[in-house]
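Participant: Sharing a structure below in structure tokens format, with a few things to ask.
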Amino acid sequence: MARRSLADWLRWQEGLHPADIELGLARVSEVARRLGLPRPRGGILTVAGTNGKGSTLRFAEAALAAAGWHCGAYSSPHLLRYNERIRIGGRPAGDAALLAAFAAVDDARGELPLTYFEFGTLAAAWLFAEQDLDGWLLEVGLGGRLDAVNVFDPDVSLITTVALDHERWLGTNREQVAAEKAGIMRAGRPAFYGSADPPAAILAAASARGARLELAGRDFGWQAVGDRWAWWYRDQRIDGLPRPWPGDAAQFDDLALALAGCSALLSRELPRASAEAAARAGSPAGRFQRVAREGREWIVDVAHNPQAMALLARRLADLPPAPRTIAVAALLEDKDIDACLAPLLGQVDAWIACELTGTRARPASELQARLSQAGATSVSIAGSPRQGCERAAAQADAGSRIVVCGSFLLAGPALEWLGLYS
Numbered sequence: 142m143a144r145r146s147l148a149d150w151l152r153w154q155e156g157l158h159p160a161d162i163e164l165g166l167a168r169v170s171e172v173a174r175r176l177g178l179p180r181p182r183g184g185i186l187t188v189a190g191t192n193g194k195g196s197t198l199r200f201a202e203a204a205l206a207a208a209g210w211h212c213g214a215y216s217s218p219h220l221l222r223y224n225e226r227i228r229i230g231g232r233p234a235g236d237a238a239l240l241a242a243f244a245a246v247d248d249a250r251g252e253l254p255l256t257y258f259e260f261g262t263l264a265a266a267w268l269f270a271e272q273d274l275d276g277w278l279l280e281v282g283l284g285g286r287l288d289a290v291n292v293f294d295p296d297v298s299l300i301t302t303v304a305l306d307h308e309r310w311l312g313t314n315r316e317q318v319a320a321e322k323a324g325i326m327r328a329g330r331p332a333f334y335g336s337a338d339p340p341a342a343i344l345a346a347a348s349a350r351g352a353r354l355e356l357a358g359r360d361f362g363w364q365a366v367g368d369r370w371a372w373w374y375r376d377q378r379i380d381g382l383p384r385p386w387p388g389d390a391a392q393f394d395d396l397a398l399a400l401a402g403c404s405a406l407l408s409r410e411l412p413r414a415s416a417e418a419a420a421r422a423g424s425p426a427g428r429f430q431r432v433a434r435e436g437r438e439w440i441v442d443v444a445h446n447p448q449a450m451a452l453l454a455r456r457l458a459d460l461p462p463a464p465r466t467i468a469v470a471a472l473l474e475d476k477d478i479d480a481c482l483a484p485l486l487g488q489v490d491a492w493i494a495c496e497l498t499g500t501r502a503r504p505a506s507e508l509q510a511r512l513s514q515a516g517a518t519s520v521s522i523a524g525s526p527r528q529g530c531e532r533a534a535a536q537a538d539a540g541s542r543i544v545v546c547g548s549f550l551l552a553g554p555a556l557e558w559l560g561l562y563s
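Residue numbers 142 to 563, in this note's numbering, belong to the letters of the sequence shown in order.
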């Protein structure tokens with residue numbers, strides 16, 4: 142079948158490999174070799190971690206642009222349009238560019254099957270190689286050691302946080318997960334860990350691999366001072382930076398990590414303009430994103446694992462109380478429902494469980510049953526994210542708070558329904 146449009150290509154890629162996820166580097170390495178992809182002249186920065194990867198990548202992208210670097214950035218998943226995943230100079234790739242990249246990867250792969258994510262990773266690298274770029278910024282899709290992104294040797298590696306998620310592939314305890322994420326470290330190159338209490342596996346992997354480990358709180362960090370904040374990395378300190386929203390510890394951890402990594406990639410002190418640009422860039426869409434509509438407060442958050450849901454709960458608790466809170470929620474089938482929902486149970490008055498599409502979607506009826514078992518007294522089902530938003534708006538009185546959370550597949554359509562996605 143001729144693949145004439147982006148939608149045609151994406152549908153075809155979804156059926157190219159029998160598994161949605163198959164970790165391993167052999168096939169991707171071979172196709173990358175056939176493509177003959179040159180490295181960028183400035184280097185590659187790779188970001189792994191359970192949560193905060195997308196925000197950290199965005200902060201790094203803004204910081205390097207302010208330093209005069211022309212970069213390509215690759216992140217996943219997307220909220221609504223595939224083009225979001227691949228950006229050059231801060232702009233999403235156009236359909237024509239993606240079609241050319243997909244055709245190049247397809248020609249190079251020959252008989253080798255690729256997963257949807259592997260195909261996209263190679264397409265991003267091909268597009269970046271076609272440009273005159275200073276650097277590549279790559280977000281790991283799942284884990285690190287066997288993720289397709291790890292085919293491209295990073296000059297600087299960043300690990301944001303380590304917590305349980307994707308246990309089917311990464312392991313059932315924090316140390317196992319950390320060992321997988323530590324697989325992006327390289328000998329003799331800086332590797333940054335961005336939050337407190339690094340797992341022993343991170344320390345052991347850095348030592349075994351000969352990476353130059355830099356730890357949050359020891360080698361780099363931040364300090365909030367009123368409505369401003371300061372960042373430091375070894376002997377450099379920048380004070381009086383603008384405070385972003387929501388301006389809490391989790392966001393400052395990501396900012397400090399991104400800035401330290403950029404300084405290492407630049408091999409010099411970070412310009413103040415870079416730190417300011419990162420702070421002003423703010424987190425990507427769908428990260429505790431607040432908007433008022435018809436007297437109601439909406440918060441859209443892509444939180445989809447226990448650590449992220451706990452952070453969402455803390456952020457909600459820090460807000461002025463609302464007379465009523467409605468949650469519009471959905472989870473994929475590999476998520477721990479009970480651990481994900483527990484942090485929010487005491488803050489939500491009514492739940493709307495949404496049906497999602499896709500092979501990994503969890504039926505809304507299962508979410509409804511588990512919520513009811515956990516003690517939620519008002520739980521209904523909506524047939525789609527759009528219907529979930531419509532029902533929440535209809536149920537909410539003036540002053541109510543509506544929280545949309547649990548999956549990118551829910552957050553994207555919700556942002557579109559709210560008119561926040563263009």
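Don't be surprised by glycine CBs; every beta carbon is placed ideally from N, CA and C. Since this is a predicted model, take the numbers as computed values, not measurements.
Taking the alpha carbon of Gln392 as the point to measure from, which residue in Thr197, Pro233 and Leu239 has its own alpha carbon closest?
Facilitator: Looking only at Thr197, Pro233 and Leu239, the smallest Cα-Cα distance to Gln392 is reached by Thr197.
Participant: So Gly195 and Pro425 are supposed to be a Cβ contact under 8 Å. How far apart are they, rounded?
Facilitator: 5 Å
Participant: Leaving out five residues before and five after Asp236 in sequence, what residues of the same chain have Cβ atoms less than 6 Å from its Cβ?
Facilitator: Leu147
Participant: Mark Gly499 as exposed unless 16 or more other C-beta atoms lie within 10 angstroms of its C-beta, in which case mark it buried.
Facilitator: exposed
Participant: Can you list, in chain order, the residues of its chain whose CB lies under 7 Å from that of Arg456, leaving out five sequence neighbours each side?
Facilitator: Pro387, Asp389 and Phe429
Participant: Please classify Arg378: does DSSP put it in a helix, a strand, or coil?
Facilitator: strand
Participant: Between the beta-carbon of Gly358 and the beta-carbon of Trp372, is there less than 9 Å?
Facilitator: no
Participant: Roughly how far, in whole angstroms, is the beta-carbon of Val489 from the beta-carbon of Cys530, given that I think they are within contact range, below 8 Å?
Facilitator: Contact doesn't hold; Cβ gap of about 16 Å is too wide.
Participant: I'd like to know whether the C-beta atoms of Gly131 and Phe549 end up nearer to each other than 9 Å.
Facilitator: Since the first residue of the chain shown is 142 and the last is 563, residue 131 is not available in this structure.
Participant: Near Ala207, which residues of its chain fall below 7 Å by C-beta distance, leaving aside the five closest residues on each side in sequence?
Facilitator: Pro412, Ala414, Ser415 and Ala418
Participant: In angstroms, rounded to a whole number, what distance separates the CA positions of Asn291 and Leu166?
Facilitator: The C-alpha of Asn291 lies about 8 Å from the C-alpha of Leu166.
Participant: Looking at the structure shown, is Leu126 part of a helix, part of a strand, or coil, going by DSSP?
Facilitator: Residue 126 is absent from the model: the chain starts at 142 and stops at 563.
Participant: Among Pro447, Met450, Ala444 and Glu438, which one has its Cα closest to the Cα of Pro566?
Facilitator: The requested residue 566 does not occur in the structure, where the chain is confined to residues 142 to 563.
Participant: Between Ala420 and Leu396, which are expected to be in contact by the criterion C-beta below 8 Å, what is the C-beta distance as a whole number of angstroms?
Facilitator: Sure, about 6 Å apart at Cβ, within 8 Å.
Participant: Give the DSSP bridge partners of Ser90, in chain order.
Facilitator: Residue 90 lies beyond the stretch modelled for the chain, which goes from 142 to 563, so this question has no answer here.
Participant: What is the rounded straight-line gap between the Cα of Leu472 and the Cα of Pro340?
Facilitator: Each residue's Cα considered, the two are about 27 Å apart.
Participant: Quick check on this structure: which residue in Ala342, Arg542, Trp210 and Asp247 has the alpha carbon closest to the alpha carbon of Glu316?
Facilitator: Ala342
Participant: What's the gap between the Cα of Leu239 and the Cα of Leu268?
Facilitator: 8 Å
Participant: Within the same chain, show all residues whose beta-carbon is closer than 8 Å to that of Arg519, passing over the 5 residues directly before and after it, in chain order.
Facilitator: The sequence given here places Ser at residue 519; Arg does not occur at that position. Correct list, in chain order: Asp490, Ala491 and Trp492.
Participant: Do Ala483 and Pro447 have their C-beta atoms within less than 9 Å of each other?
Facilitator: yes
Participant: For the segment 265-342, list the beta strand (DSSP E) runs that are entirely contained and at least 3 residues long, ordered along the chain.
Facilitator: 276-280, 297-300 and 331-334
Participant: Would you give the residue range spanned by the alpha helix (DSSP H) that Gly417 belongs to?
Facilitator: Checking the displayed sequence, the identity of residue 417 turns out to be Glu instead of Gly. Counting along the chain, the alpha helix (DSSP H) containing Glu417 begins and ends at Arg413 to Ala422.
Participant: Tell me whether the beta-carbon of Ala449 lies closer than 9 Å to the beta-carbon of Asp442.
Facilitator: yes
Participant: Only counting runs of 4 or more residues, tell me where the alpha helix (DSSP H) segments fall wholly within the segment 382-463, in order along the chain.
Facilitator: 390-407, 413-422 and 447-458
Participant: Using 8 Å for Cβ pairs, my map puts Ala537 next to Arg465. What's the rounded Cβ distance?
Facilitator: 7 Å
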